[in-house]
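Read the structure below first, then the notes.
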Amino acid sequence: MESITLNFVSKETLFAVSLFPYLGFLWFLTKSQKMPKLALMGFYLLLLFVAITIPAGIYAETHFHTSLANVDWLHGGAEFFLTLSNIFVVLGFRQVVIQKEKE
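So the number in my numbering is just where the residue sits in the sequence shown, counting from 1, plus 244.
Pasting the structure below:
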């Protein structure tokens, strides 16, 4: 099966443009005050993952001349923050489920 590529948009541009909807998503979640606190922290931690992944990817390219995915220790370190983000989101929603079950 042949993959479809979007040659008219660079990955950097696509990333930059995708950041604005995510920031809007965070703004609405924060403003609504209905999101479980831990889950909200998890969604914010995703920004930390992105902030760490970008320099890690640049480091992999400049020092190892390969992509971040090919430098296991560096990739694993960056992915840790994605895992941490996911754990916070799950625990936040888990707290709500447990609270609702007690009611």
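Note that beta-carbon positions come from the ideal geometry of N, C-alpha and C, so glycine has one too.
Closest Cα partner of residue i within the set the options
i    : options                : result
W317 : L326, S329, L328, A304 : A304
K255 : L289, Y288, I298, F293 : I298
A295 : G321, L284, E347       : G321
E323 : E347, W271, A300       : A300
L289 : T306, L267, V341, H307 : L267
I331 : Q343, F308, F269, A283 : A283
K281 : L258, F337, Q343, E347 : F337
L291 : L328, K344, V334       : L328
Residue i burial status per 10 Å Cβ neighbour count (16 or more: buried)
i    : result
S262 : exposed
F264 : exposed
Enclosing alpha helix (DSSP H) for residue i [first to last residue]
i    : result
A322 : 316 to 346
M285 : 281 to 303
S254 : Counting along the chain, S254 falls outside any alpha helix (DSSP H), and DSSP gives it neither H nor E.
C-beta neighbour in chain B for residue i, strict 8 angstroms
i    : result
A313 : The structure shown contains no chain B; it is built from a single protein chain.
*asked:* Below 8 angstroms, how does it come out for the stretch 266 to 276 and the stretch 309 to 316: are there three or more Cβ pairs, yes or no?
replied: For the pair of segments examined, the stretch 266 to 276 was found not to touch the stretch 309 to 316: the number of CB pairs separated by less than 8 angstroms stays below three.
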